[in-house]
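**Student:** Before anything else, here's the structure in question.
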Amino acid sequence: MDRIIVRGGNPITGSVQVRGAKNSTLPLMAATLLAEDTCVLHNVPCLHDVFAMDKILSEMGMAIDFTGRSMTLGPNSVTSHEAPYELVRKMRASFFVLGPLLGRFGQARVSLPGGCAIGTRPVDIHLKGLESLGVNIRIDDGYVVAEGRPVGADIALDFPSVGATENLMMAASRAKGVTRLTNVAREPEIADLASFLNSLGAQISGAGTDLITILGVDELGGTEHTVIPDRIEAGTFLIAGIATGGEVTVLNATAEHLPNFVEKLREMGAEVEVHGSKIRAAATNGLKGVDVSTQPYPGFPTDLQAQIMALACVAEGATIIKENVFENRFMQVAELTRMGANIEVDGNAAVVRGVPKLSGAPVMASDLRASAALIIAGLTASDGETSISRIYHIDRGYERIEERLASLGGDIRREP
Ligand code: UD1
């Protein structure tokens, strides 16, 4: 199994192009199930999660061509309404096919995704919402068997779940009547999905706010759409620059999608400048600890919590990190500690006391963002070598990260 080998000490410096957002691409691909005509997505990242969604849709009969960064999806040939356990268990985002299958065919059989390293991650909000749209749902042998054409309804989500907001928005776009969703997620990926659906002919307003109104339509056509930049990838590269005393400029990024994050970096003492679609960050006068509390958008993203923890390990003073979105998302702590970090965890809070330096060590990646944190920590470690195993996690969400960090001056490589 491949490993990533990092020798720290080099400042990560230079410009790097941000790829399209994984968390937009996956629901956008699923949303093409709602369309009657060909859809083309541009700025699609080459990621294992994208290949996994490609496989699920292809098995349903979707015709997919993925060339360069453009993906053409032909939904006319879709005949199956089933997403099997073998595929869904590998990627929770597979569950996004449920809403669009119901919107187009009025029936779906989708495996329950099960838990994952960062928590049990139930789908009760998705299912409760779909039932409110009049869909009959039963659980059969670990599968959600759903039947019935969605009918518009007023639904207040128990929690602003990103996936549930997306599934309900997709199911409601071809429902009979009007759906009003409140307490919804406001992540930029939700607005990207709504703009894609609207370009297919849907009538969705309010995406990106707390209330989304969807006027169901009978049919959706085809379209071309460019995926928004990956804000989490942008944030990861910026942190790598700051943590190593370098200076990184991310290109093709959207700073407005990272409001709380940029504020936190500045509070820690980093200089962050935004010029159009470029964000430049550096820390010339040292870094100090801050309080970070993850929240649904526009709060601090849980998907950057592990990376900012790696940064906090080498900042002066204490950083208190509260994880409010997932129940078990401190998987990186034990590994960072093996590299010399000083971190205490109490429930959903971690206190990180900065140390002068980290040291390289063999470590194991446990999930996608934890892997990114270990790479950042490895890049800052001024002695020894960090060898990261189980890096298939990182390939799920970052495209050839080691090559791109190497092009920014990092001593980092992949080894079989
Ligand atoms: C999406 C993102 C993921 C990100 C997360 C939170 C994608 C593909 N993934 O995941 O990268 O970390 O948003 O920003 O877009 N919950 C329930 N019941 C439900 C649904 C969710 O209790 O029916 C809980 C989850 O267990 C979790 C919290 O709500 O604790 C947030 O989950 P959610 O917003 O749904 O995240 P995902 O859509 O799975």
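Quick note on the numbering used here: the sequence shown kicks off at 1 and runs consecutively. Positions of the beta carbon are idealized from the N, C-alpha and C atoms, including for glycine. In this text the structure is predicted, and so the values were computed from the model without any measurement.
1. So what's Pro188 in DSSP terms, helix, strand or just coil?
2. At which residues does the beta strand (DSSP E) containing Arg7 begin and terminate?
3. Cβ of Ile125 within 7 angstroms of any heavy atom in the ligand UD1?
4. On the DSSP bridge assignment, give the partners of Leu73 in chain order.
5. With burial defined as no fewer than 16 other Cβ atoms inside 10 Å of the residue's Cβ, what is the status of Arg396: buried or exposed?
6. Let me know the beta strand (DSSP E) ranges lying completely inside the segment 215-256, each 3 residues or longer, listed in chain order.
7. Unbroken beta strand (DSSP E) runs of length 3 or more, entirely within the segment 299-331: which are they?
8. Pick out the complete beta strand (DSSP E) segments inside the segment 339-365, 3 residues or longer, and give them in chain order.
9. Just confirm the distance between the C-beta atoms of His81 and Ala108, as a whole number of angstroms; I'd bet it's less than 8 angstroms.
10. What are the boundary residues of the beta strand (DSSP E) that includes Arg180?
11. Taking 7 angstroms as the line, does the beta carbon of Ala93 fall inside it for any heavy atom of the ligand UD1?
12. Looking only at its chain, what residues have a beta carbon closer than 7 angstroms to the beta carbon of Ser205, apart from the 5 residues adjacent to it on each side?
13. Along the chain, where does the alpha helix (DSSP H) that runs through Thr165 open and close?
14. Please name the residue in Asn328, Glu219, Ala146 and Lys55 whose C-alpha comes closest to that of Leu26.
15. Given 7 angstroms as the limit, tell me if Pro188 has its C-beta closer than that to any heavy atom belonging to the ligand NAP.
16. Name the two residues that bound the continuous alpha helix (DSSP H) containing Asp395.
17. Quick check on this structure: which residue in His257, Val227, Leu168 and Leu336 has the alpha carbon closest to the alpha carbon of Cys46?
18. With respect to 7 angstroms, is the separation between the Cβ of Asp346 and the closest non-hydrogen atom of the ligand UD1 below this value?
19. What residue range is occupied by the uninterrupted beta strand (DSSP E) comprising Lys278?
20. Would you please state the rounded distance, in angstroms, between the beta carbons of Asp37 and Gly216? I believe it to be under 8 angstroms.
**Tutor:** In short, the structure shows the following:
1. helix
2. Run containing Arg7: Arg3 to Arg7, per the beta strand (DSSP E) assignment.
3. yes
4. Leu73 is bridged to Cys39 and Ile64.
5. buried
6. 223-226 and 247-251
7. 318-322
8. 342-346, 349-353 and 362-364
9. 5 angstroms
10. Val178 to Thr182
11. Yes - the ligand UD1 has a heavy atom lying nearer than 7 angstroms to the Cβ of Ala93.
12. Thr213
13. Val162 to Ser173
14. Closest by alpha carbon: Lys55.
15. Because the ligand NAP does not appear in the structure shown, any question about it cannot be addressed here, the ligands present being the ligand UD1.
16. Tyr392 to Gly397
17. Minimum Cα distance to Cys46 is reached at Val227.
18. Checking the Cβ of Asp346 against the ligand UD1 gives no.
19. Lys278 to Ala282
20. Not a contact, Cβ separation roughly 19 angstroms.
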